[in-house]
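K.L.:
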Amino acid sequence: MKNKSSYYKPRLNKKQRAWVKKFIGSHPNSRLTNIIEGLSGDRIVIIEWWESTSTVILDSHTLMEGSISYKIEVKLRKFGVPRHTAKFEYKINQPENKTVSYKLWGQLSLYIPQLYVTHTPTNPVVVKPKRRVKTKKQKKFVQHTLPLEGITAELHHINIRYGGIPKSEQELLSETTPHLDLDSNKEVKLPSAIVQILQEKKASFDEWESAISLYQVGGLSCVLHYLEGLDSIRKFNGIKSV
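Under our numbering, the first residue of the sequence shown carries the number -4, and numbering increases by one thereafter.
Shown next as structure tokens:
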């Protein structure tokens, strides 16, 4: 006894049948030859058809005619539209002389090869990829903080004293001033705010060189810590703070 599953044949739903009916209606001599079950309600349909190429009358009872046979494999979604561009095959049968018993009516033609040239068929089911909508990249905004305490507050007060407008710590430290490092005899670009603090504190030669060295080795955060503790260092060394 055969298994019941061996009798099962995939069927098309209403929308898939409508698509196949429309396609067959627009392609004479076509027929649905197979239905294959796909995933998620998809159905793969195979349709074949043929058509004659241009007919050339050689005499009243002889003509020359060829044909093209087609085969298409289309994967239909469950709501009746192709999922991908179809697999398309065709075969061109070369024109040949045919003799008929009835009398042919029409203009006689000479045997000219150009009359029998067949244009290359094109795939009738092409699915164009969807255009990706380009989203505009949002500009990233960097939030700067105003200095409120410690050495950063001192930067702010010095800037205001010299007629500047309120700026964030990042903005105050972004401007640089060239300064000569006497140890290396090379020009170093120090943040202008650091130079202003050293000038305000009437820094000694050693303090200037220490600040420059710390900036070159440890970077901005290192020299800021040094300046923040400069008064304590002076007090420890018995030097009167300005």
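Virtual Cβ for every residue (Gly too), placed ideally from N, Cα, C.
Tell me which same chain residues have a C-beta within less than 6 Å of the C-beta of V69, skipping the five on either side of it?
P.N.:
Contacts found: V40, P77, A81 and V120.
K.L.:
Using 8 Å as the threshold, is the C-beta distance between E60 and N24 below it?
P.N.:
Result no, Cβ atoms of E60 and N24 do not sit closer than 8 Å.
K.L.:
With distances taken Cα to Cα, identify the nearest neighbour of F83 among H56, N118 and W14.
P.N.:
Ranking H56, N118 and W14 by Cα distance to F83 puts N118 first.
K.L.:
Where does the unbroken beta strand (DSSP E) through S62 begin, and where does it stop?
P.N.:
Note, S62: beta strand (DSSP E), T57 to L71.
K.L.:
Grouping DSSP H, G and I as helix and E and B as strand, with all else coil, what is E223?
P.N.:
Helix.
K.L.:
Classify I228: buried if its beta carbon has 16 or more other beta carbons within 10 angstroms, exposed otherwise.
P.N.:
Its Cβ having fewer than 16 others within 10 Å, I228 is exposed.
K.L.:
Determine the DSSP secondary structure at L53, reduced to helix, strand or coil.
P.N.:
Residue state, collapsed to three classes: strand.
K.L.:
Using DSSP's beta-bridge definition, name the partner residues of N8.
P.N.:
Per DSSP, none; premise fails for N8.
K.L.:
Below 8 Å between beta carbons: does that hold for S199 and Y221?
P.N.:
Contact flag unset, no.
K.L.:
Starting from the C-beta of H22, find all residues in its chain whose C-beta is less than 7 Å away, skip the five residues before and the five after it, and write them out in chain order.
P.N.:
Result list for H22: W44, in chain order.
K.L.:
Closest to D49 by C-alpha separation, out of I207, N92 and Y3, would be which residue?
P.N.:
Reading off the sequence, residue 49 comes out as Ser, not Asp. Out of I207, N92 and Y3, N92 has the C-alpha closest to the C-alpha of S49.
K.L.:
Excluding sequence positions up to five away, which residues of its chain have a Cβ less than 6 Å from the Cβ of P116?
P.N.:
So the list reads Y85, once near-sequence residues are dropped.
K.L.:
I need the DSSP call for W45, collapsed to helix, strand or coil.
P.N.:
Strand.
K.L.:
As a quick exercise: from F74, S96 and Q165, pick the residue whose alpha carbon is nearest that of K10.
P.N.:
Considering only alpha carbons, the answer is F74.
K.L.:
Please name the residue or residues paired with E91 in a DSSP beta bridge.
P.N.:
Looking at the DSSP assignment, E91 forms a beta bridge with E60.
K.L.:
Taking the alpha-carbon of W100 as reference, which of W14, T57, A13 and L27 has the nearest alpha-carbon?
P.N.:
Selected option, being the one with the closest Cα: T57.
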